[in-house]
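In what follows, a single structure is set out as structure tokens and then discussed.
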Amino acid sequence: MSEEIPLRTILVPLDGSDFSFKAAKYAIKIAAMSKAELVCVHAIINLPYDQFAAGGVAVAQYLNESKRLADTWYERVKTDASKQGVKATGETILDVASPADSIINYAEKKGVDLIVIGTKGRTGLKRFLLGSVASGVVAHAKCPVLVVR
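So for the sequence shown, numbering that gives the first Met the number 0 puts the first residue at 0; every next one is plus one.
Encoded structure:
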């Protein structure tokens, strides 16, 4: 039985790395072929307690700088996407304890059809010690996930 699986919304988490932009390029190609919309997200991690204790100014600077950086990443992807006739948007997720959980929750809330995420491709002990947003998303997302190395 061949069932058509529509792709309407593709989610691309961005962290400013070359790996996340490579994933965005794949997502743009897929979106162009399927006439899907691309949504970029960046999760801003909570500051450690000792940095929060330093005062509201440090927190505000951290949030403002993080949002500014994310906006430049969104614009880069939007420019590339528009060249392929793909509509792209960007959204920053604030107050995040776990980037993987925030990506998964966002995808579920927005009814995302596919997540395209970049990874450094670490394996074994390095992945265990450093953690991996991509592996957390792959393990727990309810929609398909494409991992780009």
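Note that CB positions come from ideal geometry on N, CA and C, so glycine has one too.
As the structure is a prediction and not an experimental result, all values here were calculated from the model.
Between Val146 and Ala133, which are expected to be in contact by the criterion C-beta below 8 Å, what is the C-beta distance as a whole number of angstroms?
-> As a first step, residue 146 must be located in the sequence shown, where it is residue number 147. As a first step, residue 133 must be located in the sequence shown, where it is residue number 134. The pair is a contact, with the Cβ atoms about 6 Å apart (cut-off 8 Å).
For Gly117, does the count of other Cβ atoms within 10 angstroms reach 16, so buried, or fall short, so exposed?
-> As a position in the sequence shown, residue 117 is number 118, starting the count at 1. The residue in question, Gly117, is buried, as its Cβ has 16 or more Cβ neighbours within 10 Å.
Locate the beta strand (DSSP E) running through Asp94, then write down its first and last residues.
-> Looking up residue 94 in the sequence shown gives position 95. Here the beta strand (DSSP E) through Asp94 covers 87-95.
Three-state secondary structure assigned by DSSP to Val58 = Within the sequence shown, the letter at position 59 stands for residue 58. Val58 falls in the helix class under three-state DSSP.
Bridge partners - Thr8, DSSP secondary structure assignment | For the purposes of this step, residue 8 is taken as the residue at position 9 of the sequence shown. Among the bridge pairs identified by DSSP, Thr8 is matched with Glu36.
The beta strand (DSSP E) enclosing Gly84, as first and last residue numbers | The residue you call residue 84 lines up with position 85 of the sequence shown. Gly84 -> no beta strand (DSSP E), and no H or E assigned at all.
Assigned secondary structure, Leu68 (DSSP; H/G/I helix, E/B strand, else coil) | On the sequence shown, residue 68 is found 69 positions in, with the first residue counted as 1. If DSSP states are grouped into helix, strand and coil, Leu68 belongs with the helices.
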